[in-house]
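All remarks here apply to the structure that follows.
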Amino acid sequence: LEGLARLLELLTNYFKVEIGKKLLDHLRQWADPSVLQEAAGKPLIDVEPIKIIVAILNVFHLLPSAANIFLENLVHIVLDLEEQLRRSLSSPFRLPLIKFLNRYASETIEYFYERLGDSKYSRLFISILETEEAIKLRQYIMENPNLLIEKASNSKDSDDFNEAKFQKIVIIR
Numbered sequence: 002l003e004g005l006a007r008l009l010e011l012l013t014n015y016f017k018v019e020i021g022k023k024l025l026d027h028l029r030q031w032a033d034p035s036v037l038q039e040a041a042g043k044p045l046i047d048v049e050p051i052k053i054i055v056a057i058l059n060v061f062h063l064l065p066s067a068a069n070i071f072l073e074n075l076v077h078i079v080l081d082l083e084e085q086l087r088r089s090l091s092s093p094f095r096l097p098l099i100k101f102l103n104r105y106a107s108e109t110i111e112y113f114y115e116r117l118g119d120s121k122y123s124r125l126f127i128s129i130l131e132t133e134e135a136i137k138l139r140q141y142i143m144e145n146p147n148l149l150i151e152k153a154s155n156s157k158d159s160d161d162f163n164e165a166k167f168q169k170i171v172i173i174r
């Protein structure tokens with residue numbers, strides 16, 4: 002994986018985005034629920050499958066520019082991984098995910114704005130925005146304030162609308 006990451010850094014234009022599909026398949030294979038539940042009670046830096054999952058996630062930000070198609074899959078997988086490990090803030094998966102999200106800031110913001118009414122996604126989004134590494138995401142939000150107002154005001158479900166309004170306030174702060 003380290004060799005692949007190095008190759009992607011050097012030769013990004015020569016790789017096809019399909020390599021991301023293979024990486025997703027490997028990610029799903031390594032994300033075995035029984036292994037993750039067993040790992041939940043241990044220091045994660047000592048668990049080999051967790052190291053491998055992190056290494057796979059860490060390759061996605063190096064894929065060609067069309068790799069934004071993996072945004073939804075990656076966010077969903079990270080949420081599932083964190084749920085199975087019963088960890089979110091101390092998750093080892095956040096930094097590799099943030100590297101990917103920063104690379105596709107506009108798509109990321111659009112994706113999460115569409116889900117502001119869903120507390121699972123909005124909590125992840127807020128948590129990511131609070132990290133030091135998410136500077137490109139915060140910058141995009143500051144450069145496009147009307148997008149937040151528009152998206153958070155478009156929810157049709159009253160519970161989602163109230164959640165979205167609350168999350169809009171949290172994002173602005």
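Per my numbering, numbering of the sequence shown is gapless, rising by one per residue and ending at 174. Cβ atoms here follow ideal geometry from the backbone N, Cα and C, with glycine treated the same way.
In this structure, L24 and V60 form a Cβ contact; the two beta carbons are roughly 6 Å apart against a cut-off of 8 Å. By the Cβ rule, the segment 41–51 does not count as touching the segment 61–73, because fewer than three pairs are nearer than 8 Å. DSSP places Y114 in the helix class (H, G or I) of the three-state scheme. Judged by beta-carbon spacing, L148 lies beyond the 8 Å limit of L138, meaning their Cβ atoms are not closer than that value.
Considering only L63, I142 and T132, the residue with the shortest C-alpha distance to L96 is T132. C-alpha of Q85 to C-alpha of N103: approximately 25 Å in a straight line. The residues E83, in chain order, have a CB closer than 6 Å to that of S92 in the same chain once the five nearest residues on each side in sequence are set aside. Annotated three-state conformation of K43 is coil, per DSSP.
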